[in-house]
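For reference, the structure is listed below as structure tokens.
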Amino acid sequence: MTKFSRFAAKASCTLIAACAATSVMAADIFVIGGKPDDPFWSRVKKGAEDAGIVAEAQGGSVTWLGPQNYDNLGPDAAELIRQAIDQGADAIVGPDWVPEAMDPAFEAVVAAGIPLVIYNAGGLEAADKLGALNYVGAVDYKSGYAGGEYLGNAGHKNGACVNTLPGAANIEAFCNGFNDGIAAAGGTGSVLQLPATAYGDSTAVAQAVRAHLLQNPEIDAMFAIGGGDTSATISGIQQSGKAGKVHVCGMNFNETVLANIQQGKQACAVDQQGYQQGFFAVSILNNYVNYGVTIPTREILTGPGIVDASNVDLVIEGVKAGAR
Amino acid sequence: MSTHSVKGPSGISLGGLIRRPETGSLIGLIVVYVFFAALGGKVFMGAPGWSSWLNIAAEVGIIALPVGLLMISGEFDISVGSVVPASSMTTAMLSGHFELPALIGIMGGLSVGLLIGFLNGLIVTRTTIPSLIATIGTMFAVMGLTLGFAVLIKGSTSVSYVPDATTKALLGTFINGMFNVSIFWWLGFVAIFYYVLHISPLGSWIFALGGDKESARNAGIPTAKVTIGLFMASGFAAACVGVGQVMTYQTAQVAGGQAFIFNSIMCVVIGGVLLTGGAGSIIGIVLGTMTFAVVNQGIFFAALDPNIGSIIIGALLLAAVLSNDTFRTLALNYSPKKK
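This is the structure we're talking about:
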């Protein structure tokens with residue numbers, strides 16, 4: 130962008146702002162996120178754009194910057210952050226996916242005096258370290274905790290978390306959360322570790338769950354990570370003859386999971402609620418830039434959101450609208 | 011080289027039994043079963059235990075049969091690992107996403123397997139690339155294509171599909187709530203492959219191919235056709251497993267299936283098939299598959315650390331190869347004396 134066009138853009142912005150009869154500064158917010166055709170990120174993008182309707186009404190704008198692919202994620206995302214600075218962003222939202230590659234770019238944002246919100250990845254730690262206003266996102270441990278608590282409060286006292294990827298930090302965070310959650314509700318939790326040969330093989334997961342249930346008849350609640358493993362876990366429970374006795378919650382959902390919740394085969398699904406991440410990150414910055422108002426609550430959790438029989442129909446409507 | 015595996019036992023005697031090449035596999039299966047029965051107790055020995063390991067055995071067994079035949083003919087097929095998700099994705103995409111009739115989805119999934127098998131066969135017979143490398147190549151290519159098409163068409167790495175009652179009953183139901191219908195498909199495959207390898211003339215061709223490819227060709231065996239046919243059989247079998255998994259779990263995932271590569275090879279080798287080709291039997295492959303499945307599931311019934319299961323399978327593999335060699339030498343040395 131040449132200096133003139135940047136001037137022209139700024140001038141027109143001011144003009145529009147004046148026409149809109151607002152005396153405040155219009156916020157041009159740049160959002161760095163995943164590929165727009167990625168199902169999770171398409172929901173985050175919709176949230177950001179829905180919040181952008183308010184920003185636009187006030188003369189501002191929301192621009193989505195996503196990488197073409199995930200092959201070179203850290204450096205590509207860092208480049209997008211710098212692009213946002215160069216394009217004269219009034220505020221920036223970004224995920225701290227790869228801190229080593231992206232933190233210098235985020236530091237440049239803060240150094241330029243541009244308000245920053247970290248979302249989706251990095252947690253409050255990253256936001257504090259980088260000097261960002263806030264963190265908006267879900268926390269794996271708390272998602273697992275919500276699943277454990279839900280099943281514990283439903284009267285199940287002995288839970289097992291299915292870990293098909295022993296050693297993966299996020300899966301362990303889910304399982305630790307689940308165990309602590311069910312313990313808080315007065316039960317006990319354990320982890321069913323599967324051998325590496327079972328990963329991605331639904332039959333192996335189902336048969337392992339079934340054998341585990343037959344050997345440990347006291348288990349009455351299970352937690353699985355991802356739609357595929359959850360479906361396999363349900364199959365394992367049915368084969369052990371314990372359908373209806375052992376209740377299941379799973380992370381994330383797809384059409385099969387929603388259908389299973391409708392049919393009562395699955396108790397609940399724990400959702401990160403990506404729509405909220407985009408919506409609140411943009412809203413916080415728009416209000417801050419326009420009116421200087423802040424959210425004193427640090428770490429805005431967008432998840433866990435529970436999907437169960439009571440709200441599954443609403444969730445299906447949300448899926449149709451592209452928000453869930 | 012091949013004769014000792016083809017001929018049936020002329021009379022049932024202990025000596026003759028010991029000299030059968032499958033004896034090592036049978037002893038292995040019995041030892042492993044007794045070990046886990048002692049630890050797993052009644053549940054493992056009852057119907058829940060049997061159905062549990064038979065379900066595992068059925069899926070890996072369907073793939074292990076053609077992989078075993080390929081190994082007997084001196085070839086490897088690594089690509090089965092990506093044919094499983096590719097075919098399940100194709101079926102779920104056609105019938106779930108595009109809402110075409112189940113039959114078209116199934117046909118689509120199976121033809122993906124046949125096509126990949128045909129390509130493997132062409133590459134191996136037309137070039138000098140060893141089958142191990144060629145099928146690793148197609149495996150990665152197919153994996154990438156599956157992921158690419160899934161994201162392109164559906165925008166997601168998993169596709170849901172709820173099959174109608176008849177399709178589900180035929181391909182993905184649990185009889186008595188326990189025994190996966192795939193066990194019966196496996197038995198069907200065993201019968202067909204038994205006929206092909208041990209009764210039909212094609213069987214001797216396959217053994218001959220593994221023994222010495224040059225002489226096989228000189229003897230008038232259409233080696234290229236046989237090899238391509240075998241690769242198509244393994245693609246087809248892997249596709250059957252993939253299609254069955256969609257019907258059973260109602261979800262197709264891009265990842266997954268990789269476990270079938272080594273698992274099927276292990277079943278085959280534990281079952282006494284010679285890694286360099288030329289020797290092996292269907293009974294052996296079936297016994298090897300059962301041994302593998304018993305260890306895999308026994309671990310959970312015995313409440314041992316799953317990692318110990320991997321150690322046992324690894325040790326079993328080495329023991330199997332060693333003992334099979336011993337039994338093969340026995341079989342070869344004693345055979346002439348019978349006359």
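Protein sequence lines correspond, in order, to chains A and B.
So for the first sequence, my numbering puts the first residue at 130; every next one is plus one.
So for the second sequence, my numbering puts the first residue at 11; every next one is plus one.
Just so it is clear, CB atoms sit at the ideal spot from N, CA and C, and this is done for glycine as well.
As the structure is a prediction and not an experimental result, all values here were calculated from the model.
Asked                                                                                                                                                                                               : Found
Need the endpoints of the beta strand (DSSP E) that lysine 292 of chain A sits in, please.                                                                                                          : A small correction: the amino acid at residue 292 of chain A is asparagine; lysine does not occupy that position in the sequence shown. 287-292 is the extent of the beta strand (DSSP E) around asparagine 292 of chain A.
Alpha carbon to alpha carbon, how far is glycine 266 of chain B from serine 360 of chain A?                                                                                                         : 14 Å
Taking Cβ positions, are threonine 317 of chain A and asparagine 282 of chain A nearer each other than 8 Å?                                                                                         : no
Should tyrosine 205 of chain B go down as buried or exposed, given a rule of 16 or more other Cβ atoms within 10 Å for buried?                                                                      : exposed
For chain B, is any of its Cβ atoms less than 8 Å away from the one on glutamine 367 of chain A?                                                                                                    : yes
Just how far apart, CA to CA, sit threonine 192 of chain A and glycine 203 of chain A?                                                                                                              : 20 Å
What residues in the region 336-350 of chain A bring their beta carbon closer than 7 Å to a beta carbon of chain B?                                                                                 : Gln336, Ala337, Arg339, Ala340, His341, Leu343 and Gln344
Which of the residues in the region 44-58 of chain B, read from start to end, lie with their CB under 7 Å from any CB of chain A?                                                                   : Val53 and Pro58
Kindly list the residues whose CB is nearer than 8 Å to the CB of proline 228 of chain A, restricted to its own chain and excluding five residues on each side of it in sequence; keep chain order. : Gly251 and Ala255
Could you tell me whether the region 256-270 of chain B touches the region 170-177 of chain B, using the rule of 3 or more Cβ pairs below 8 Å?                                                      : yes
For the region 314-339 of chain A, which segments carrying the beta strand (DSSP E) assignment without a break, of at least 3 residues, lie completely within its bounds, in sequence order?        : 317-322
Compute the Euclidean distance between the alpha carbons of alanine 298 of chain A and alanine 213 of chain A, then round it to the nearest angstrom.                                               : 31 Å
Quick check: the Cα distance between leucine 104 of chain B and glycine 379 of chain A, rounded to an integer number of angstroms?                                                                  : 27 Å
Just tell me which of A:His285, A:Ala325, A:Lys374 and A:Asp269 has its CA closest to the CA of isoleucine 354 of chain A.                                                                          : A:Asp269
With 9 Å as the limit, tell me which residues of the region 297-329 of chain A have their beta carbon closer than that to any beta carbon of chain B; keep them in chain order.                     : Leu321, Gln322, Leu323, Pro324, Ala325, Thr326, Ala327, Tyr328 and Gly329
Would you tell me roughly how many angstroms separate the C-alpha atoms of valine 122 of chain B and glycine 245 of chain B, rounded to the nearest one?                                            : 8 Å
Within 10 Å of its beta-carbon, does glutamate 278 of chain A have 16 or more other beta-carbons around it, so buried, or fewer, so exposed?                                                        : buried
With respect to the beta strand (DSSP E) encompassing glutamine 263 of chain B, which residues constitute its N-terminal and C-terminal limits?                                                     : 261-263
How close, in whole Å, do the beta carbons of glutamate 32 of chain B and serine 274 of chain B come, if the pair is a contact with beta carbons under 8 Å?                                         : With 8 Å as the limit, glutamate 32 of chain B and serine 274 of chain B do not qualify as a contact, their Cβ atoms being about 18 Å apart.
Tell me the rounded alpha-carbon separation between serine 92 of chain B and alanine 269 of chain B.                                                                                                : 10 Å
DSSP three-state label for alanine 512 of chain A, please.                                                                                                                                          : Outside the shown range of chain A, which is 130 to 453, sits residue 512 of chain A, and nothing can be said about it.
With a cut-off of 8 Å, does the C-beta of threonine 258 of chain B fall near any C-beta of chain A?                                                                                                 : yes
Within 10 angstroms of its Cβ, does lysine 449 of chain A collect 16 or more other Cβ (buried), or is it exposed?                                                                                   : exposed
Rounding to the nearest angstrom, what Cα-Cα distance links glycine 319 of chain B and glycine 217 of chain A in this structure?                                                                    : 58 Å
Mind pulling the chain A residues with CB within less than 8 Å of glycine 187 of chain B?                                                                                                           : Gln367, Gln368 and Gly370
For glycine 182 of chain B, name the three-state secondary structure that DSSP assigns.                                                                                                             : coil
Any C-beta of chain A sitting closer than 8 Å to the C-beta of alanine 175 of chain B?                                                                                                              : no
In chain A, what lies closer than 8 Å to threonine 261 of chain B by C-beta?                                                                                                                        : Ser331, Gly356, Gly357, Ser360, Asn383 and Thr385
Applying the 10 Å Cβ sphere with the 16-neighbour rule, what's the burial state of proline 95 of chain B?                                                                                           : buried
Quick check on DSSP: helix, strand or coil for asparagine 201 of chain A?                                                                                                                           : coil
What in chain B is Cβ-close to proline 168 of chain A, meaning under 7 Å?                                                                                                                           : Gly165 and Ser166
Looking at the C-beta of alanine 207 of chain A, does it have a partner C-beta in chain B at a distance below 8 Å?                                                                                  : no
In chain A, which residues lie less than 7 Å from alanine 313 of chain B when you measure between Cβ atoms?                                                                                         : Gln344
Could you pull the start and end residues of the beta strand (DSSP E) that methionine 380 of chain A belongs to?                                                                                    : 376-380
So, at 7 Å on beta carbons, what are the nonlocal neighbours of leucine 106 of chain B in its own chain, with the 5 sequence-adjacent residues on each side left out?                               : For the sequence presented, residue 106 of chain B should be read as glycine rather than leucine. Counting only Cβ-Cβ distances below 7 Å, and skipping sequence neighbours, we find Val169, Ser170 and Tyr171.
Is there contact here, the region 232-251 of chain B with the region 67-86 of chain B, by at least three beta-carbon pairs under 8 Å?                                                               : yes
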